[in-house]
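In my numbering, the protein residues as written are 1213 to 1549.
Everything below concerns the one structure shown next.
Written out as structure tokens, the structure reads:
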């Protein structure tokens, strides 16, 4: 009897001890997860502030400045700013998944998270293509630019980009892996969608931008040589800097994200740090949305003048000024044409 009682007491103590360890482990996991989420909420909140401020100022400059509003090239910059602003506006919804762990259990809430993100990103990337092609046409065919690239054509292309982005973004609503183990992109989106839709789109955009800016740089350098601007220094030094800035920032921000997507799709990353690596790459990709105004608007003298007046609570009245060489015009955003 005593032996039986002792055995029962031992088993009970063992169960209690095991339960206590499980509760302790679960508590530590929750604490670490909470700290982890706090870090990413802080990072994405800073990104949110930068994205909203930079792109809102760019939108106001184009809308309120009559000279910028008349420029066909400014419409593409405006569309880029609106697209990047959407990235910022969707960020709070993305961050809400850190606050409420149960939100990812809802199919609609989870799929909407990726639909919004893919839509804003696709539209932003499409806008970069529009800007690069617009500059290419202006630098290669300056005499025919105003007749070839009209505002109607610009808004038709912009509208097509929104429709195209919407088609890609809504595809996961009816093509997904739900129910999934967690509301993570590599868990919810099918591998074929990542490999045959998202990744090829990025690769195509990068190739087009590289080829276009390479041609612009060559033409700008050629024109500078013909105009006799050598003066003992490389005639295309500033052009090279701008090309490296455009392609470099785009590559640095986006290549890690798609690299992580590919590695996750093929299961090449350990689960222990796959999520952290993905969040880091995503934050870097979102950084491109606050860098774009700096690259495509803030380096243009007309935009800078409009920004200065806006920050002094004045309506922009940009005066026409000299625009520099044709290489600078094409690479810095172009004049009002």
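Where is the CB? At the ideal position from N, CA and C, for every residue including glycine.
All values reported here derive from a predicted model rather than from experimental measurement.
The three-state secondary structure of residue 1290, taken from DSSP, is helix.
Annotated three-state conformation of residue 1281 is helix, per DSSP. Rounded to the nearest whole angstrom, the CA to CA distance from residue 1310 to residue 1301 is 16 Å. Residue 1326 carries a helical assignment under DSSP once its states are collapsed to helix, strand and coil.
Under the three-state reduction of DSSP, residue 1249 is assigned to helix.
According to the DSSP assignment, residue 1521 belongs to the alpha helix (DSSP H) that extends over 1513-1523. For residue 1360, same chain residues with a beta-carbon under 7 Å away, outside a window of 5 residues either side, are 1349, 1353 in chain order. In the three-state scheme derived from DSSP, where H, G and I count as helix and E and B as strand, residue 1318 is classed as coil. Under the three-state reduction of DSSP output, residue 1387 falls in the coil class, being neither helix nor strand. Distance check between residue 1334 and each of 1294, 1387, 1322, 1262 places 1294 closest, using alpha-carbon atoms only. In the DSSP annotation of this structure, the continuous segment of the alpha helix (DSSP H) that includes residue 1397 starts and ends at 1397-1400. Where residue 1357 is concerned, the enclosing alpha helix (DSSP H) starts and stops at 1357-1360. Residues of the same chain with a CB within less than 8 Å of the CB of residue 1421, apart from the 5 flanking positions on each side, are 1340, 1341, 1344, 1458, 1459, 1462 in chain order.
Of the candidates 1351, 1269, 1356, 1351 places its Cα closest to the Cα of residue 1431. Taking all protein chains in view, the Cβ of residue 1314 is surrounded by fewer than 16 other Cβ atoms within 10 Å, so the residue is classified as exposed.
Using a Cβ distance threshold of 9 Å, residue 1306 and residue 1322 do not count as a contacting pair. The C-alpha of residue 1517 lies about 14 Å from the C-alpha of residue 1271. Around the beta carbon of residue 1437, fewer than 16 other beta carbons sit within 10 angstroms, so the residue counts as exposed. Setting aside the 5 residues that flank it on each side, residue 1393 is surrounded in the same chain by 1399, each with a C-beta closer than 8 Å to its C-beta; the list follows chain order. The Cβ atoms of residue 1514 and residue 1292 do not sit closer than 9 Å to each other.
Buried is the label assigned to residue 1347, since at least 16 other Cβ atoms lie within 10 Å of its Cβ.
With contacts defined as CB atoms closer than 9 Å, residue 1264 and residue 1498 fail to qualify as a contacting pair.
Secondary structure of residue 1510 (DSSP, three-state): coil. Sequence-distant Cβ neighbours of residue 1466 in its own chain, meaning closer than 7 Å and more than five residues away, are 1414, 1497, 1500. Secondary structure of residue 1310 (DSSP, three-state): helix. Contact between residue 1380 and residue 1330 is confirmed by a C-beta separation of about 6 Å, below the 8 Å threshold. Between residue 1274 and residue 1289, the C-beta gap is smaller than 9 Å, which places the two residues in contact. Judged by DSSP in its simplified three-state form, residue 1373 adopts helix. Cβ atoms of residue 1411 and residue 1464 stay farther apart than 8 Å, at about 17 Å. Between residue 1318 and the set 1487, 1390, 1417, 1403, the nearest pair of CA atoms involves 1390. Ranked by Cα distance from residue 1385, the first of 1355, 1320, 1519, 1492 is 1320.
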